[in-house]
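**Student:** Numbering (the numbering used here), first residue to last: 9 to 433.
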Ligand code: UD1
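1. Report the rounded CA-to-CA distance for residue 379 versus residue 180, giving the unit in angstroms.
2. Return helix, strand or coil for residue 21, following the three-state DSSP convention.
3. If we call anything under 8 Å between Cβ atoms a contact, is residue 33 one with residue 64?
4. Assess contact between the stretch 315-322 and the stretch 260-279, defined as three or more Cβ pairs (one per stretch) separated by less than 8 Å. Is contact present?
5. What span of residues does the beta strand (DSSP E) with residue 49 cover, start to end?
6. Just to confirm my understanding: we take residue 119, look at its own chain, exclude 5 residues before and 5 after, and list those with CB closer than 8 Å. What are they?
7. Quick one, are the C-beta atoms of residue 222 and residue 203 less than 8 Å apart?
8. Pull up the distance between the alpha-carbon of residue 381 and that of residue 404, whole angstroms please.
9. Look at residue 289 and residue 336 and say whether their C-beta atoms are less than 8 Å apart.
10. Just list the residues that DSSP pairs residue 365 with in beta bridges.
11. Within the chosen definition, does the stretch 254-269 reach the stretch 231-245 through at least 3 CB pairs nearer than 8 Å?
12. Would you mind reading off the limits of the alpha helix (DSSP H) that contains residue 284?
13. Could you tell me whether any non-hydrogen atom of ligand 1 is closer than 7 Å to the CB of residue 343?
14. What is the DSSP secondary structure of residue 332, reduced to helix, strand or coil?
15. Can at least three beta-carbon pairs, one atom from the stretch 281-296 and one from the stretch 362-371, be found at a separation below 8 Å?
16. Between residue 425 and residue 18, which are expected to be in contact by the criterion C-beta below 8 Å, what is the C-beta distance as a whole number of angstroms?
17. On the DSSP bridge assignment, give the partners of residue 360 in chain order.
18. For the alpha helix (DSSP H) holding residue 75, just list the boundary residues, first then last.
19. Who are the near neighbours of residue 358 in its chain, counting only those whose CB is closer than 6 Å to its CB and skipping five residues on each side?
20. Three-state secondary structure (DSSP) at residue 87?
21. Please give the ranges of any beta strand (DSSP E) in the stretch 243-310, keeping only runs that are unbroken, at least 3 residues long and fully inside the region.
22. Using only alpha-carbon positions, find the residue among 219, 353 and 53 that is nearest to residue 238.
23. Is residue 176 close to ligand 1? I mean its beta-carbon at under 7 Å from any heavy atom of the ligand.
24. Which residues in the same chain have their Cβ closer than 6 Å to the Cβ of residue 35, if we skip the five residues on either side of it in sequence?
25. Might you give, ordered along the chain, the residues of its own chain that have their beta carbon closer than 6 Å to the beta carbon of residue 263, omitting 5 neighbours on each side?
26. If you measure between the beta carbons of residue 260 and residue 192, is that distance less than 8 Å?
27. If we call anything under 8 Å between Cβ atoms a contact, is residue 408 one with residue 55?
28. Taking the alpha-carbon of residue 418 as reference, which of 351, 257 and 368 has the nearest alpha-carbon?
29. Could you tell me which uninterrupted beta strand (DSSP E) segments, each at least 3 residues in length, are contained entirely in the stretch 191-245, listed from first to last along the chain?
30. Return the residue from the list 344, 284 and 301 that minimises the CA-CA distance to residue 325.
31. Flag residue 154 as yes when its Cβ comes closer than 7 Å to any non-hydrogen atom of ligand 1, and as no otherwise.
32. Using only CA atoms, which one of 309, 345, 391 and 420 lies nearest to residue 368?
33. Throw me the rounded Cβ distance for the residue 81 and residue 48 pair, which I believe falls under 8 Å.
34. Could you check where the alpha helix (DSSP H) with residue 187 kicks off and where it finishes?
35. Measuring alpha carbon to alpha carbon, tell me which residue in 197, 229, 199 and 196 is nearest residue 212.
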């Protein structure tokens, strides 16, 4: 199993190019299932989760032709299977994104339940209830969700638009309904919809394919279903979480880092937290620069759905706050059990106490290199950030978690001046 060996402390300096967003590319690939026509995507990040989605789609008969390292043309004709098997769904919960498109186009799907996840219970009940409300009959058998739309009676094999009022904001839940509703009969209204930039990006792609969607980026989406969708070309939006991670790396090392291909409008709450911490942030068209000098201030932050502070940058901020002068409080409101990185950071010398959903971080603490183990994607990023400033060698184990969502992180960090190597360990 691969590990990262970091030698610190280091000071990062320079520019890093941000890849397309993993969380936008996943639903974009799933959207290809909605049409017989080719869908050409660019900005597909080279990360393991995208490889998993490609394997899943290929297993259904979708042809995927690479047009370049980050570009591909997908053709979902013929589709030979409407099943998402356990072995793939187990490794990537976002596989659930194929459920909506399959039911909408073929009137049936069989998708494994995702199962356990290191960051707590992550159910898919809201996806299932929404599709039921649109006329799918759903049964859970032997660990699989079977969805089926009757070919006789009112539905005639097609989902029907309705009002879906989500009790909780769900990103992939919103996306699944958007995908399904694009081919449904009539109008679907999603209330309490997710407003994340990745949702807006999916709406843009679906619009290019011929879907009728309004309200993207607000909490109410309206989708008027069409009979069929066509092919499209689409460039995936930049990854705001990857950008935020490198900006945090710049800040924690008291460095000077510019994220190219990054959109400040997608990172408002995060950049505000950095500014409150005393980091100099300048945003230009398509890039964001941070300059951090000595003396970071503590911040209090609560994770929230967009435009609030993203849960996917919580771990990185926590790592940063170990170096601030004073006590920060970071509250996680989206997921249970998302402070697994805290105990590993403590092993490097951080002072972090967990009280319920809040991490109380006191700094600054001098970190010292040690062997630490990554537990999930963003937690791994936090350990790498800490390893950049820890004295001596830090070995971050199980970085397959990092490889799920960060494209060439060792290479990108090394280009900024970090001493990092990918090793077996
Ligand atoms: C997406 C992102 C993930 C990010 C998260 C929150 C992708 C592929 N992943 O995950 O990186 O951390 O948004 O911004 O885009 N919930 C239910 N029932 C459901 C669905 C969700 O109770 O059927 C709950 C979850 O347990 C969680 C909350 O809703 O507490 C939000 O989760 P959700 O937005 O659905 O996360 P994902 O879409 O899985």
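Backbone N, C-alpha and C define an ideal beta-carbon position, used for all residues, glycine too.
**Tutor:** Put simply:
1. 34 Å
2. strand
3. no
4. yes
5. 47-50
6. 91, 92, 97, 103, 104, 106, 107, 110, 152, 153 and 155
7. no
8. 6 Å
9. no
10. Answer by DSSP bridge pairing: none, since residue 365 is not bridged.
11. no
12. 276-284
13. yes
14. strand
15. no
16. 6 Å
17. 369
18. Segment 71-76 is the beta strand (DSSP E) holding residue 75; no alpha helix (DSSP H) there.
19. 330 and 373
20. coil
21. 264-268, 288-292, 295-299 and 308-310
22. 219
23. yes
24. 105, 183 and 210
25. 19, 20 and 21
26. no
27. no
28. 257
29. 195-199, 220-222, 228-232 and 240-243
30. 284
31. no
32. 309
33. 5 Å
34. 179-189
35. 229
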